[in-house]
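Engineer: So that we are looking at the same thing, I have put the structure below in structure tokens.
Residue numbers (my numbering): 619 to 703.
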């Protein structure tokens with residue numbers, strides 16, 4: 619792991635290892651990042667992939683950046699100044 623730019627950042631180890639989580643869930647973890655222009659279909663694809671995985675019995679959850687922005691950062695836009703925060 620590379621040295622963080624900020625000295626305020628501290629890595630917090632999980633209480634459950636990846637291996638233990640895989641054993642408990644009965645599946646390996648995976649992250650799928652969808653990137654692209656605004657309104658290009660990322661959320662639609664993510665929801666469909668989530669639905670298909672759930673139908674097959676996998677634990678899955680789609681995290682959508684718009685949902686974070688409407689709650690966590692509701693006062694921020696897409697300007698360079700807002701993106702720095």
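Every residue, glycine too, gets a C-beta built ideally from N, C-alpha and C.
Everything numeric in this text was worked out from a predicted model, so none of it was measured.
Report the rounded CA-to-CA distance for residue 668 versus residue 623, giving the unit in angstroms.
Structural biologist: Stepping through the chain shown from its first residue, residue 668 is reached at position 50. Stepping through the chain shown from its first residue, residue 623 is reached at position 5. If I take the Cα positions, the gap works out to 34 Å.
Engineer: Using C-beta distances below 7 Å, list every residue in its chain close to residue 676, excluding the 5 sequence neighbours before and after it, in chain order.
Structural biologist: The residue labelled residue 676 in the question sits at position 58 within the chain shown. Excluding residues within five positions, the ones whose Cβ falls inside 7 Å are 645.
Engineer: Once the 5 residues before and after residue 686 are set aside, which same chain residues still bring their CB inside 7 Å of it?
Structural biologist: Here residue 686 is taken as the residue at index 68 of the chain shown, counted from 1. Correct list: empty, nothing qualifies.
Engineer: Decide if residue 657 is buried, meaning its Cβ has at least 16 other Cβ atoms within 10 Å, or exposed.
Structural biologist: In the chain shown, residue 657 corresponds to position 39, counting from 1. Exposed, since its Cβ has fewer than 16 Cβ neighbours within 10 Å.
Engineer: Which of helix, strand or coil does DSSP assign to residue 636?
Structural biologist: The count along the chain shown starts at 1 and reaches residue 636 at position 18. Residue 636 falls in the helix class under three-state DSSP.
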